[in-house]
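Contents: one structure, followed by commentary.
There are 2 protein chains.
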Amino acid sequence: MNIRSNPDTTRPAVTTGGLPSSRKIYAVPATAPDLRVPLREIMLSEGAGEPNLPVYDTSGPYTDPGVTIDVNKGLSRARTEWVKQRGGVEQYEGRDIKPEDNGNVGAAHAAKSFTAHHQPLRGVGDAPITQYEFARKGIITKEMIYVAERENLGRKQQLERAEAALADGESFGAAVPAFITPEFVRDEIARGRAIIPANINHGELEPMIIGRNFLTKINANIGNSAVTSSVEEEVDKMVWAIRWGADTVMDLSTGRNIHTTREWILRNSPVPIGTVPIYQALEKCDGDPVKLTWELYKDTLIEQAEQGVDYFTIHAGVRLQYIHLTADRVTGIVSRGGSIMAKWCLAHHQESFLYTHFDEICDLMRKYDVSFSLGDGLRPGSIADANDRAQFAELETLGELTKIAWAKGCQVMIEGPGHVPLHKIKINMDKQLKECGEAPFYTLGPLTTDIAPGYDHITSGIGAAMIGWFGCAMLCYVTPKEHLGLPDRNDVKTGVITYKIAAHAADLGKGHPAAQLRDDALSRARFDFRWQDQFNLGLDPDTAKAFHDETLPKEAHKVAHFCSMCGPKFCSMKITQDVRDYAAGLGDNEKAALNLAGAGSFGSVGMTMSGVIEDGMAQMSEKFRDMGEKLYLDAEKVKESNKALS
Amino acid sequence: MNIRSNPDTTRPAVTTGGLPSSRKIYAVPATAPDLRVPLREIMLSEGAGEPNLPVYDTSGPYTDPGVTIDVNKGLSRARTEWVKQRGGVEQYEGRDIKPEDNGNVGAAHAAKSFTAHHQPLRGVGDAPITQYEFARKGIITKEMIYVAERENLGRKQQLERAEAALADGESFGAAVPAFITPEFVRDEIARGRAIIPANINHGELEPMIIGRNFLTKINANIGNSAVTSSVEEEVDKMVWAIRWGADTVMDLSTGRNIHTTREWILRNSPVPIGTVPIYQALEKCDGDPVKLTWELYKDTLIEQAEQGVDYFTIHAGVRLQYIHLTADRVTGIVSRGGSIMAKWCLAHHQESFLYTHFDEICDLMRKYDVSFSLGDGLRPGSIADANDRAQFAELETLGELTKIAWAKGCQVMIEGPGHVPLHKIKINMDKQLKECGEAPFYTLGPLTTDIAPGYDHITSGIGAAMIGWFGCAMLCYVTPKEHLGLPDRNDVKTGVITYKIAAHAADLGKGHPAAQLRDDALSRARFDFRWQDQFNLGLDPDTAKAFHDETLPKEAHKVAHFCSMCGPKFCSMKITQDVRDYAAGLGDNEKAALNLAGAGSFGSVGMTMSGVIEDGMAQMSEKFRDMGEKLYLDAEKVKESNKALS
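Sequence order for the protein chains is G and H. In case it helps, the UniProt record's numbering puts the first sequence at residues 1 to 646. In case it helps, the UniProt record's numbering puts the second sequence at residues 1 to 646.
In structure tokens:
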């Protein structure tokens with residue numbers, strides 16, 4: 001099922017076929033029977049004694065055996081009809097592609113153009129265009145119905161279980177409901193607390209939602225650079241990233257063929273694509289920030305909006321007056337976008353044109369429903385620079401810009417750092433929520449130490465799990481190559497899996513009602529020695545199986561009731577089964593008797609063994625009935641403990 | 001310098017030679033000039049403009065080019081003299097090695113015996129033997145002086161910097177001082193808040209300390225099993241683990257040759273070695289827990305104490321009356337030791353012999369100063385089972401046992417879970433401190449989700465960083481092979497590096513006075529494009545360099561002022577240097593003027609841009625002087641933010 005062959009060498013090769021023992025299923029929302037919302041069903045082995053597990057599926061049609069993939073043609077554009085049906089848009093000729101759009105690449109190095117061309121759509125007049133505008137008017141769009149269905153992970157009847165799990169979480173003021181309805185989605189978008197990045201020209205999109213009352217999402221960065229990589233590699237990386245769980249993908253290309261690369265990616269992407277338009281604008285003026293102009297930048301925004309980019313990183317918070325605040329930093333300005341704008345501001349001794357033209361940017365992005373990802377151009381690039389005045393001054397400005405963008409009808413999220421030690425992570429989340437009116441936070445890591453180049457997926461995965469728990473809505477992955485080189489295919493996978501772990505750990509911590517279902521299913525498989533189920537329920541079945549096979553390669557061992565740690569002679573899990581059998585045979589009186597059987601002759605050193613023994617038989621019997629037979633879900637104690645963090 | 005060749009195939013091959021651009025240095029404590037306390041000095045490139053950086057060094061003589069390593073002979077046993085000098089011990093014949101000690105292995109499969117034999121020492125009479133007893137009597141041992149020097153990382157004169165860093169941390173009630181003195185070490189040990197695991201028969205030991213007011217430590221597990229691996233591999237893994245930073249190593253061997261393997265490891269180990277004696281005891285009765293007896297177990301303790309094992313995991317908290325509390329768990333009892341004892345208790349319907357004979361165990365361990373690592377035999381093996389009654393009932397018993405062990409003169413630490421979601425981690429630390437009188441906590445992970453077999457170093461590294469921050473003194477690593485197979489050499493390294501990251505992130509969060517020095521040095525190297533310094537200051541220079549070379553392999557690129565992300569034409573860090581040059585040229589008046597230069601024509605959408613603009617020129621100028629030129633170290637704000645975690 002895992003195919004990556006390509007007889008036609010002129011087009012990118014991508015990986016298709018489902019994950020092991022998984023099949024693509026589609027949920028049909030009751031209120032919109034024409035929608036087909038994808039899920040991946042993990043099929044358990046015969047005799048598992050429990051139902052298959054549906055999980056969130058970002059992988060798009062690539063894992064649907066019923067869809068013929070042709071990267072040259074791109075994915076089907078079903079969503080274009082939704083946009084047209086609700087009106088308020090016009091189809092128009094669109095901007096011509098210019099040689100500078102691809103860095104004036106010569107014929108020898110030009111990538112093959114994408115074959116199909118779609119005339120772009122744009123909003124006309126005052127009719128609502130963006131998801132924010134629809135939400136504010138009380139209108140539920142198909143995108144909203146779609147994401148509501150998607151967020152429920154196939155759950156319909158499990159509300160009781162869900163509520164128990166919720167009660168056990170600690171969400172720091174988030175309001176994750178037991179079940180997501182389209183109306184809840186609409187309300188969250190109207191409040192600005194969530195966004196559905198969905199350019200009206202991205203017809204291939206399978207909509208998803210970003211907000212702290214939904215599943216925590218992750219982004220994977222790809223993109224060629226001036227130094228290395230090709231169009232083929234980037235399309236392949238996109239498909240590879242979503243196969244393993246990337247919810248959105250940012251194309252950060254900076255070299256030649258930048259327009260063409262993006263076209264190939266967009267036409268083949270079922271997930272939202274984000275970009276940093278200033279990167280391309282810079283390519284159009286020979287890489288010299290000083291030559292940047294508002295006109296050139298605006299033209300780039302239109303170019304990308306017409307292609308269908310779903311969100312733009314705009315570093316409009318890097319203001320002239322903040323720049324010298326970075327002068328004494330250990331690592332100055334590490335954001336590329338931030339440093340480009342800093343250079344421009346200093347060279348012209350003028351306020352950033354992104355800031356002075358922000359209202360025009362809003363008007364333009366609204367017409368296509370391109371979401372803002374307000375960039376943190378002054379984010380800290382080292383532990384020493386975390387939470388400094390430059391960073392927080394910019395964040396305050398991003399808060400102001402958020403309100404302007406909302407007033408203009410746009411969807412907004414806010415980018416965050418960077419490098420932050422453990423004890424300074426929560427203040428980032430707190431301040432972001434306060435300054436930016438609860439607009440979704442989208443952070444890079446943060447990296448919790450600077451001392452492990454080569455392992456920054458891990459230094460940052462720690463920070464990402466924590467900030468996700470605290471309320472961050474989307475986590476931008478960091479790969480092992482961070483600070484050292486460009487991620488290859490393996491790095492992309494490692495980054496994605498690491499961030500799926502962080503996002504899922506955050507969801508468990510917040511008490512997301514569906515999160516623990518997968519942990520429980522996997523743990524039951526582990527306890528039952530259903531090895532294949534354990535592999536298949538994991539985030540990366542291939543690696544889990546390969547690791548197991550290194551020690552115990554034989555097929556027979558996949559059904560063995562032991563593992564390589566203890567061997568066949570002795571096994572802790574097997575003994576536990578004996579315990580279980582034993583306990584099942586005990587009556588209440590026997591349990592009570594058992595409580596005292598072991599008191600023995602202790603205490604010879606003259607110290608009392610307080611606790612259970614002294615409680616006596618009667619109380620203990622009651623205690624066991626109360627506590628022993630069920631989980632210890634004492635939410636109050638948990639909250640009390642976390643409160644003490646001061 | 002990285003040598004792993006072995007002309008003599010009968011002895012284990014181990015890796016010797018220093019890490020890249022590092023040299024072994026020795027600090028000499030003022031109060032004990034005969035001691036030589038190892039440090040690793042990372043030598044920076046010419047023109048770095050700052051001093052070389054001394055870092056903690058766990059690697060032992062293997063990285064000292066002045067020491068000839070002969071694994072057949074073992075390391076020198078300098079510490080034996082310290083023990084003899086202070087008296088109270090006798091040398092004696094010792095227990096004979098029996099065939100059952102090596103699982104009755106036949107000649108065909110027997111590992112080669114270690115050549116040298118050292119008669120064991122043991123305490124006699126009431127004279128103090130253990131570090132705890134010396135500390136309680138107000139006596140500072142050489143071990144205490146040694147670890148005090150070691151914890152200061154070569155710092156002598158940096159107290160001012162150290163205190164600033166301390167003020168910025170959040171240590172949750174720990175009391176990390178700016179500088180460690182031998183008296184502070186003694187006091188912490190006397191309070192039971194720290195231990196120096198140091199069996200008097202482990203003469204090869206370079207002492208180290210475990211406690212929450214010291215650097216966070218990590219343990220690496222090795223050991224052969226009934227299914228796979230050999231003596232050679234295990235000795236190699238030990239040397240490999242300490243090369244990358246393991247502070248202690250546990251030998252969890254369960255197969256044949258168990259005595260011989262341990263002898264080879266101990267005689268070649270400069271770090272404390274821990275074991276779980278019940279594993280070997282089980283081998284002595286054909287792997288049948290029901291056949292275990294107190295006599296057989298006691299004999300095993302003596303066998304291992306005489307060899308020099310520094311700490312024993314003893315699962316004495318698994319009491320008969322707690323066992324059925326696990327019956328409804330998703331994953332029952334997952335601790336091997338816990339399930340062995342559970343099986344025994346059920347089969348005999350008796351209280352655990354570890355519990356009923358606990359006072360005898362204390363008397364025995366005291367004679368050799370073997371530290372207790374009170375095992376968590378009922379730890380949760382899944383997210384679903386975290387913080388349940390079985391787990392906490394056992395922890396309460398461990399608290400009782402801690403006080404008994406202290407009364408008997410023994411050093412004690414406490415083992416912790418396991419699998420715990422983010423929001424339930426802190427309650428583990430809180431409860432451990434409360435129940436166990438601040439005895440050091442030593443946790444496995446915890447894993448923060450069950451859904452990523454193959455990546456459990458990461459699922460657990462997240463939890464480890466957090467619990468370390470909250471006060472856990474030692475973090476037991478988890479490798480990528482957890483739940484799937486036995487770790488090989490690569491897995492050991494990955495596990496160690498991941499846990500060094502977690503421990504260091506925890507130290508930064510706690511505000512350890514020396515922790516950030518390394519982050520800052522590495523970040524300065526990164527900003528200055530001193531590539532080799534960046535690699536060498538990292539936890540794994542080899543991998544960092546290899547990753548860099550994948551994209552930019554040429555030697556010239558190691559001094560290039562750009563990286564593969566932006567390429568030579570544009571580089572954010574280069575622009576930052578321009579900013580810095582620019583800011584350096586600004587006078588205060590110019591800075592003030594700059595604050596308003598960018599106000600421009602904004603506000604056209606009718607919203608005010610509050611904040612900096614409205615503050616006016618005068619205040620801003622003052623603000624910048626106050627805040628702009630230094631780091632934003634507002635400890636109060638940080639504490640306030642973390643307080644809100646409720």
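From the three backbone atoms N, C-alpha and C, an ideal C-beta is built for every residue, glycine too. From a predicted model like this one, the values you see are computed outputs, not experimental measurements.
Identity of the residue in the options nearest residue i by Cα
{"i": "H/A384", "options": "H/A178, H/T449, H/G169, H/T141", "result": "H/T449"}
{"i": "G/R530", "options": "H/T260, H/A127, H/T331", "result": "H/T331"}
{"i": "H/A135", "options": "H/A393, H/F535, H/D369, H/L444", "result": "H/D369"}
{"i": "H/E264", "options": "H/L292, H/E232, H/L484", "result": "Per the sequence shown, residue 264 of chain H should be read as Trp rather than Glu. The residue with the shortest Cα to Cα distance from H/W264 is H/E232."}
{"i": "H/G509", "options": "H/G173, H/T15, H/K481", "result": "H/G173"}
{"i": "H/A107", "options": "H/R256, H/N268, H/L517, H/P417", "result": "H/R256"}
{"i": "G/K403", "options": "G/R191, G/S21, G/R243", "result": "G/R191"}
{"i": "G/P29", "options": "G/T80, G/V147, G/N52, G/L252", "result": "G/V147"}
{"i": "G/Q532", "options": "G/T498, G/I42, G/I273", "result": "G/I42"}
{"i": "H/V478", "options": "H/W469, H/C472, H/K493, H/F470", "result": "H/K493"}
{"i": "G/A386", "options": "H/D520, H/K217, H/V55", "result": "H/D520"}
{"i": "G/T313", "options": "G/T260, G/M413, G/L320, G/F392", "result": "G/M413"}
{"i": "G/A48", "options": "G/E435, G/L522, G/T254, G/K424", "result": "G/L522"}
{"i": "H/G511", "options": "H/N213, H/I195, H/V37, H/R86", "result": "H/N213"}
{"i": "G/M144", "options": "G/V83, G/A175, G/K156, G/E170", "result": "G/V83"}
Contacts that residue i makes with chain H (C-beta to C-beta distance below 7 Å)
{"i": "G/Y582", "result": "L346"}
{"i": "G/A281", "result": "Result: empty, since nearest Cβ-Cβ is about 12 Å, beyond 7 Å."}
{"i": "G/L586", "result": "H324"}
Within chain H, the residues that residue i reaches when beta carbons sit closer than 9 Å
{"i": "G/E550", "result": "K481, L484, G485, L486, D488"}
{"i": "G/L508", "result": "I383, P421, L422, H423, T448, T449"}
{"i": "G/T300", "result": "Those do not exist, as G/T300 stays about 16 Å from chain H at its closest Cβ, beyond 9 Å."}
Residues that residue i contacts on chain H, provided the C-beta gap is smaller than 8 Å
{"i": "G/F547", "result": "P453, G454, P480, K481, L484, G485"}
{"i": "G/V579", "result": "I323, H324, T326, A327, G332, I333, S339, A342, K343, L346"}
Neighbouring residues, chain G, relative to residue i (Cβ below 7 Å)
{"i": "H/K237", "result": "What H/K237 touches in chain G: nothing, since even the nearest Cβ is about 15 Å away."}
{"i": "H/T543", "result": "G454"}
Chain-ordered chain G contacts of residue i [CB-CB under 8 Å]
{"i": "H/A465", "result": "L422, T448, I462"}
{"i": "H/W469", "result": "L422, H423"}
{"i": "H/T459", "result": "I501, A505"}
Would you call the segment 447-465 of chain G and the segment 402-412 of chain G touching, i.e. three or more CB-CB distances under 8 Å?
-> no
Against chain G: residues of the segment 514-541 of chain H by CB proximity under 8 Å = Q516, R518, D519, D520, L522, S523, R524, R526, F527, Q534, F535, L537, G538, L539, D540
Residues of the segment 374-393 of chain H with Cβ closer than 9 Å to any Cβ of chain G, in chain order = Cβ contacts with chain G: G381, S382, I383, A384, D385, A386, N387, D388, R389, A390, Q391, F392, A393.
What residue ranges within the segment 47-105 of chain H form continuous alpha helix (DSSP H) runs of no fewer than 4 residues, ordered along the chain?
-> 79-86
Can you give, in chain order, each stretch of the beta strand (DSSP E) that sits fully within the segment 498-546 of chain G and has at least 3 residues?
-> none
Against chain H: residues of the segment 324-335 of chain G by CB proximity under 7 Å | The segment 324-335 of chain G vs chain H, Cβ under 7 Å: H324, L325, T326, A327, D328, V330, T331, G332, I333, V334, S335.
Touch check for the segment 280-296 of chain H and the segment 112-128 of chain H: three-plus C-beta pairs under 8 Å?
-> Contact annotation: the segment 280-296 of chain H does not touch the segment 112-128 of chain H, with fewer than three C-beta pairs closer than 8 Å.
Would you be able to state if there are at least three C-beta pairs under 8 Å between the segment 65-76 of chain H and the segment 111-120 of chain H?
-> Yes: the two stretches touch, three or more of their Cβ pairs being nearer than 8 Å.
Looking at C-beta atoms only, is the number of pairs between the segment 483-503 of chain G and the segment 475-492 of chain H that lie closer than 8 Å three or more?
-> no
According to a CB-to-CB cut-off of less than 8 Å, which residues of the segment 169-188 of chain H neighbour chain G?
-> G169, E170, F172
3-residue-minimum beta strand (DSSP E) runs that sit fully inside the segment 288-344 of chain G, ordered along the chain | 311-314
Using a Cβ cut-off of 8 Å, which residues of the segment 491-504 of chain H contact any Cβ in chain G, in chain order?
-> Against chain G - using a Cβ distance shorter than 8 Å - the residues of the segment 491-504 of chain H are I497, T498, K500, I501, A502, H504.
Output the residue ranges of the beta strand (DSSP E) runs that lie fully inside the segment 189-264 of chain H and measure 3 residues or longer, sorted by chain position.
-> Counting only runs of at least 3 residues, the segment 189-264 of chain H fully encloses the following beta strand (DSSP E) elements, listed from N- to C-terminal order: 217-222, 248-251.
Would you check if the segment 53-63 of chain H and the segment 82-100 of chain H touch, i.e. whether three or more CB-CB distances between them fall below 8 Å?
-> no
Three or more C-beta pairs below 8 Å linking the segment 319-329 of chain H and the segment 289-298 of chain H = no
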